[in-house]
Amino acid sequence: MSDLQERVKQIAEEAAARIDGADSLPSLNDLRVAVLGKKGTLTQILKGMKDVPPEERPRVGQWVNDARFAIEERMELAKKRLEAAALSAQLASEHIDVTLPSVRQEIGHRHPNTIALKEVERIFVGMGYEVLEGPEIEYDDYNFTKLNIPDGHPARDEQDTFYITKEILLRTQTSPVQARVMETGKLPIRMIAPGRVFRSDEVDATHSPSFHQIEGLVVDKGITFADLKGTLAVFARELFGEETKTRFRPHHFPFTEPSAEMDVSCFKCGGKGCRFCKGEGWIEILGCGMVHPHVLEMCGIDKDVYTGFAFGVGLERIALLKYEIDDMRLLYENDVRFLKQF
Ligand SMILES: [Zn+2]
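Residue numbers 259 to 600, in this note's numbering, belong to the letters of the sequence shown in order.
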């Protein structure tokens, strides 16, 4: 009988010593399982109760309960001590040194393409134009047919289009936006349509399969080629400087007639000829023309009452010229060392 009492006392003392020596919450928990758990040393005493004479059992139960209570109480205190220690250790390890220099905040800025676009938009909005956008994935009907480029027209091959299906493609120009606006029937029209266009070109210094265009369209009563020349001359002077001269060379585009290409006098040499303009004194800048009457008709506009002009300019071309960048790929590589210069 006293053997059993001695055994309980021994378990309680051992447990107390190990609790006081526990150095972490996990080791304290292991100890709880080893003593008080289902197979724990103290629990085993209760399981051996069947060998104890019935009249002694209440006393044995009392010893075990007293021991369990004392162990649990001691464990609770140890747990509080260890938790406090863990918190202090964490606070010490996460200490913030307020005297360290802070991480430098890099403030981003606009891409040269965006700077050029905002400049072009500013000029045309100043002349009363709206800035409109359209879908990059387009019906071939809008991209070609309504722009006077019927099935089998060489331009459909020339442009090396990314077709998605027979009728749907990645737009090769922003002109489809013009067709969409004309179709709404709201006149007069004075708009520019900037946006991304796609052609299956190999990447080199002057080509990319994805680039940006800005197309302009004016449709009203009595619009003539003089309006086109005057408008684009103002645009060129605003963009490249007051001294800039313009010249128009005959050209062919399916959706305009007559059509022209516009050159600006070299803003580096003023037209004398230099390395920048390859000795020409002139730099080709955009394509333009009077909207073809057939295009007006296809978009539901009375060609006998209304006339208009249209133009298209490559955004990258403007950015390359204006910032004297000699390789278009630089605009897409997103090298921060390059972009930071603008
Ligand atoms: Zn020049």
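Where is the CB? At the ideal position from N, CA and C, for every residue including glycine. In this text the structure is predicted, and so the values were computed from the model without any measurement.
**OP:** May I have the straight-line CA-CA distance separating Phe402 from Leu475, to the nearest angstrom?
**Re:** What you label residue 402 is simply residue 144 of the sequence shown in a count that begins at 1. What you label residue 475 is simply residue 217 of the sequence shown in a count that begins at 1. Rounded to whole angstroms, Phe402 to Leu475 spans 17 angstroms at the Cα level.
Original post:
Do you know offhand how far Val361's Cα is from Ala344's?
Top reply: Counting from 1 along the sequence shown, the entry for residue 361 is found at position 103. Counting from 1 along the sequence shown, the entry for residue 344 is found at position 86. If I take the Cα positions, the gap works out to 30 angstroms.
Subject >> Helix, strand or coil at Glu352 [DSSP, three-state] >> reply: As a working mapping, residue 352 is identified with position 94 in the sequence shown. In the structure shown, Glu352 sits in coil (DSSP, three-state: anything other than H, G, I, E or B).
Original post:
Closer than 7 angstroms: is that where the CB of Gly366 sits relative to any heavy atom of ligand 1?
Top reply: Looking up residue 366 in the sequence shown gives position 108. Incorrect: Gly366 has no Cβ contact closer than 7 angstroms to ligand 1.
Subject >> Outcome for Asp309 when other beta-carbon atoms lying within 10 angstroms are tallied against a minimum of 16 >> reply: Looking up residue 309 in the sequence shown gives position 51. By the neighbour-count rule (16 or more Cβ atoms within 10 Å), Asp309 is not buried but exposed.
**OP:** Whole angstroms is fine: what's the gap from Ile583's alpha carbon to Phe596's?
**Re:** Position 325 of the sequence shown, counting from 1, holds the residue named residue 583. Position 338 of the sequence shown, counting from 1, holds the residue named residue 596. If I take the Cα positions, the gap works out to 10 angstroms.
**OP:** With DSSP collapsed to three states, give me the class of Leu544.
**Re:** Numbered from 1 along the sequence shown, position 286 holds the residue referred to as residue 544. In the structure shown, Leu544 sits in a strand (DSSP, three-state: E or B).
Subject >> Given Met586 as reference, the closest of Glu519, Ser466, Val291, Pro393 once Cα atoms are compared >> reply: Working through the sequence shown from its first residue, we reach residue 586 at position 328. Met586 has its Cα closest to that of Ser466, out of Glu519, Ser466, Val291, Pro393.
**OP:** At 4 residues or longer, and completely inside the stretch 311-396: list those alpha helix (DSSP H) runs for me, N to C.
**Re:** Secondary structure remark: continuous alpha helix (DSSP H) runs of at least 4 residues inside the stretch 311-396, in chain order: 315-351, 370-384.
Original post:
Quick one: Cα of Phe600 to Cα of Ile541, how far?
Top reply: In the sequence shown, counting from the first residue as 1, residue 600 sits at position 342. In the sequence shown, counting from the first residue as 1, residue 541 sits at position 283. Answer to the nearest angstrom: the Cα atoms are 22 angstroms apart.
Original post:
Got a sec? Which residues, its chain only, sit under 6 angstroms from Asp399 by beta carbon, not counting five neighbours each side?
Top reply: Against the sequence shown, residue 399 aligns to sequence position 141. Nothing listed; no residue qualifies.
Subject >> Whether Phe511 touches Gly545 by CB criterion (8 angstroms) >> reply: Within the sequence shown, the letter at position 253 stands for residue 511. Within the sequence shown, the letter at position 287 stands for residue 545. Cβ atoms of Phe511 and Gly545: closer than 8 angstroms.
**OP:** Would you please state the rounded distance, in angstroms, between the beta carbons of Arg429 and Val455? I believe it to be under 8 angstroms.
**Re:** Residue mapping note: residue 429 aligns to position 171 of the sequence shown, counting from 1. Residue mapping note: residue 455 aligns to position 197 of the sequence shown, counting from 1. 6 angstroms between Cβ atoms; contact.
Original post:
Touching or not, the stretch 326-335 and the stretch 267-274, by the rule of three or more beta carbon pairs under 8 angstroms?
Top reply: Yes, they touch.
Original post:
Quick one: Cα of Ile395 to Cα of Ile426, how far?
Top reply: Here the question's residue 395 lines up with position 137 in the sequence shown. Here the question's residue 426 lines up with position 168 in the sequence shown. Going by the C-alpha atoms only, they are around 7 angstroms apart.
Original post:
Is it right to say Lys404 is buried, meaning 16 or more other beta carbons lie within 10 angstroms of its own, or is it exposed?
Top reply: Reading the sequence shown from its first residue, position 146 is the one you call residue 404. With 16 or more other Cβ atoms within 10 Å, it is buried.
Subject >> Length at least 3, wholly inside the stretch 425-495: the beta strand (DSSP E) runs in chain order >> reply: With a minimum length of 3 residues, the unbroken runs of beta strand (DSSP E) contained wholly in the stretch 425-495 fall at 426-428, 447-456, 468-478.
Original post:
Can you list, in chain order, every residue whose CB sits closer than 5 angstroms to a heavy atom of ligand 1?
Top reply: Environment of ligand 1, chain-ordered: Cys524, Lys526, Cys527, Cys532, Phe534, Cys535, taking every residue with Cβ within less than 5 angstroms of a heavy atom.
Original post:
How many angstroms separate the CA atom of Leu497 from the CA atom of Glu515?
Top reply: Position 239 of the sequence shown, counted from the start, is the residue given in the question as residue 497. Position 257 of the sequence shown, counted from the start, is the residue given in the question as residue 515. Leu497 and Glu515: Cα-Cα distance of roughly 26 angstroms.
Original post:
If you run the structure through DSSP and keep just helix, strand and coil, what is Pro408?
Top reply: Working through the sequence shown from its first residue, we reach residue 408 at position 150. Correct three-state label for Pro408: coil.
Original post:
Measuring CB to CB, does Ile447 end up less than 8 angstroms from Val492?
Top reply: Counting from 1 along the sequence shown, the entry for residue 447 is found at position 189. Counting from 1 along the sequence shown, the entry for residue 492 is found at position 234. Going by C-beta atoms, Ile447 is not nearer than 8 angstroms to Val492.
Original post:
Where Leu490 and Met385 are concerned, what is the direct C-alpha to C-alpha distance, given to the nearest angstrom?
Top reply: In the sequence shown, counting from the first residue as 1, residue 490 sits at position 232. In the sequence shown, counting from the first residue as 1, residue 385 sits at position 127. A straight line joining the alpha-carbon of Leu490 with that of Met385 spans about 11 angstroms.
Original post:
What residue range is occupied by the uninterrupted beta strand (DSSP E) comprising Met520?
Top reply: Residue numbering aside, residue 520 sits at position 262 when the sequence shown is read from its first letter. The continuous beta strand (DSSP E) containing Met520 extends over residues 514-523.
Original post:
Which class does Val549 belong to by DSSP, given the choice of helix, strand or coil?
Top reply: Counting from one through the sequence shown, the residue named residue 549 turns up at place 291. Strand at Val549.
Subject >> Reduced DSSP category for Phe600 - H, G, I as helix; E, B as strand; rest coil >> reply: Locating residue 600 in the sequence shown gives position 342, where the first residue counts as 1. Correct three-state label for Phe600: coil.
Original post:
Is it right to say Ala484 is buried, meaning 16 or more other beta carbons lie within 10 angstroms of its own, or is it exposed?
Top reply: Counting from 1 along the sequence shown, the entry for residue 484 is found at position 226. Using a 10 angstroms sphere on the CB of Ala484, the tally of other CB atoms stays under 16, which defines it as exposed.
Subject >> Simplified DSSP assignment, three categories, for Val563 >> reply: Along the sequence shown, read from residue 1 onward, the residue named residue 563 stands at position 305. The answer is coil: DSSP assigns Val563 none of H, G, I, E or B.
Original post:
Taking Gly572 as the reference, which of Ala451, Asp562, Asn406 has the closest Cα?
Top reply: Translated into the one-based positions of the sequence shown, residue 572 becomes position 314. Out of Ala451, Asp562, Asn406, Ala451 has the C-alpha closest to the C-alpha of Gly572.
Subject >> Residue nearest to Val594 in terms of C-alpha spacing, selected from Glu314, Glu538, Asn287, His367 >> reply: Here the question's residue 594 lines up with position 336 in the sequence shown. Minimum Cα-Cα distance from Val594 among the listed residues Glu314, Glu538, Asn287, His367 corresponds to His367.
**OP:** Look up Phe506 in the DSSP assignment and say whether it is helix, strand or coil.
**Re:** Residue numbering aside, residue 506 sits at position 248 when the sequence shown is read from its first letter. Phe506 falls in the strand class under three-state DSSP.
Original post:
How would you call Thr504, buried or exposed, if buried means at least 16 neighbouring beta carbons within 10 angstroms?
Top reply: Position 246 of the sequence shown, counted from the start, is the residue given in the question as residue 504. Thr504 is classed as buried because its beta carbon has at least 16 other beta carbons within 10 Å across all chains shown.
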